[in-house]
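J.: In the working numbering, the protein residues as written are 10 to 211. Backbone N, C-alpha and C define an ideal beta-carbon position, used for all residues, glycine too.
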Amino acid sequence: LIGSVWGFLEATLGGLLHLSPLPIAGRIMAPIGFAILFWGMKNGLNTRQIFCVSVLAATFKFFDPFLFHMPFFHIRVINPANAIIMQGLCFAVVSHIFKKLFASWQGTALVAIPLYPVSWGLFCLISLQAFHNEPGALAAGVTGLMSYLAIGTALTVAALSLARLWTVRAHYLDVARLSIPIRVGVTSILVVLTFIARAVLG
């Protein structure tokens, strides 16, 4: 369910943001993804399960080859899937090593600081080495790159702080309180809605 929520948001909100002439999608969707992973951690997911959430969310990107008759490993599919999985990997490692820091507001903000730049760096490394694709931010010069990372980091800190507030005060965000049929039903609905939304957004 948690992975499907993330995948749905990536396919819908992320798809809309990619239509913007400004390169803002990554800086907005990555913090949202980290907030969802934080939600998963607060629901008791362990390190391996947190990473699996990101892998599941990334699979939603593979609707596009079926909908738009593009190659299965098209860069428009691989790049965002790669970014999502790197987010999951970074959050899983950081949450495992520094789990106690998430007990306080200050600790949560502190842990959030390296998430965006490290996950983005890993994404760039894989994109360059495995797929020979240069992410746009790398061509923006040092000032542009630093601005890109600073904004993404600030939004990640804000997103995790808000996620911490919501999970503390909103008990309906506790997935364990939902029955298995409800979880399966909501997940199925999200998959169908994602497929429809991607077909509409193009």
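Using only the alpha-carbon positions, how far apart do Trp48 and Gly12 sit?
T.: Sequence index remark: in the sequence shown, residue 48 carries index 39 (1-based). Sequence index remark: in the sequence shown, residue 12 carries index 3 (1-based). Each residue's Cα considered, the two are about 11 Å apart.
J.: According to DSSP, is Gly16 helix, strand or coil?
T.: Counted from its first residue, the sequence shown places residue 16 at position 7. Of the three classes helix, strand and coil, the one that applies to Gly16 here is helix, per DSSP.
J.: Given a cut-off of 8 Å on the beta-carbon distance, is the pair Thr162 and Tyr125 in contact?
T.: Sequence index remark: in the sequence shown, residue 162 carries index 153 (1-based). Sequence index remark: in the sequence shown, residue 125 carries index 116 (1-based). Going by C-beta atoms, Thr162 is nearer than 8 Å to Tyr125.
J.: For Ala92, report the span of its alpha helix (DSSP H) as first-last.
T.: As a position in the sequence shown, residue 92 is number 83, starting the count at 1. Unbroken alpha helix (DSSP H) run through Ala92: Ile84 to Ile106.
J.: In whole angstroms, give me the CA-to-CA distance for Pro32 and Glu19.
T.: As a first step, residue 32 must be located in the sequence shown, where it is residue number 23. As a first step, residue 19 must be located in the sequence shown, where it is residue number 10. Computed Cα separation, rounded: 15 Å.
J.: Exposed or buried, which one is Gly194 when buried takes at least 16 other CB atoms within 10 Å?
T.: To locate residue 194, count along the sequence shown from 1; it is residue 185. So Gly194 ends up on the exposed side.
J.: Return helix, strand or coil for Leu25, following the three-state DSSP convention.
T.: Stepping through the sequence shown from its first residue, residue 25 is reached at position 16. Here Leu25 sits in helix by DSSP.
J.: Tell me which residues share the same chain as Lys51 and place their Cβ nearer than 7 Å to its Cβ, disregarding the 5 neighbours each side in the sequence.
T.: Taking the first residue of the sequence shown as 1, we reach residue 51 at position 42. These residues qualify, in order along the chain: Thr176.
J.: Given a cut-off of 8 Å, decide if Gly97 and Leu46 are closer than it, judged by their beta-carbon atoms.
T.: Residue 46 sits at position 37 when you count from the first residue of the sequence shown. Residue 97 sits at position 88 when you count from the first residue of the sequence shown. In contact: Leu46 and Gly97 (Cβ atoms closer than 8 Å).
J.: Here's a check: name, in chain order, each residue in its chain whose Cβ is nearer than 8 Å to the Cβ of Phe72, leaving out the five neighbours to either side.
T.: Within the sequence shown, the letter at position 63 stands for residue 72. Same-chain partners within the cutoff: Ala20, Thr203, Phe204 and Arg207.
J.: Between Thr68 and Gly16, how many whole angstroms is the CB-CB distance? I'm expecting something under 8 Å.
T.: Within the sequence shown, numbered from 1, the residue matching residue 68 stands at position 59. Within the sequence shown, numbered from 1, the residue matching residue 16 stands at position 7. Right, their Cβ atoms sit about 7 Å apart.
J.: Any heavy atom of the ligand HEM closer than 7 Å to the beta-carbon of Phe60?
T.: For the ligand HEM, the structure offers nothing, since it holds no ligand at all.
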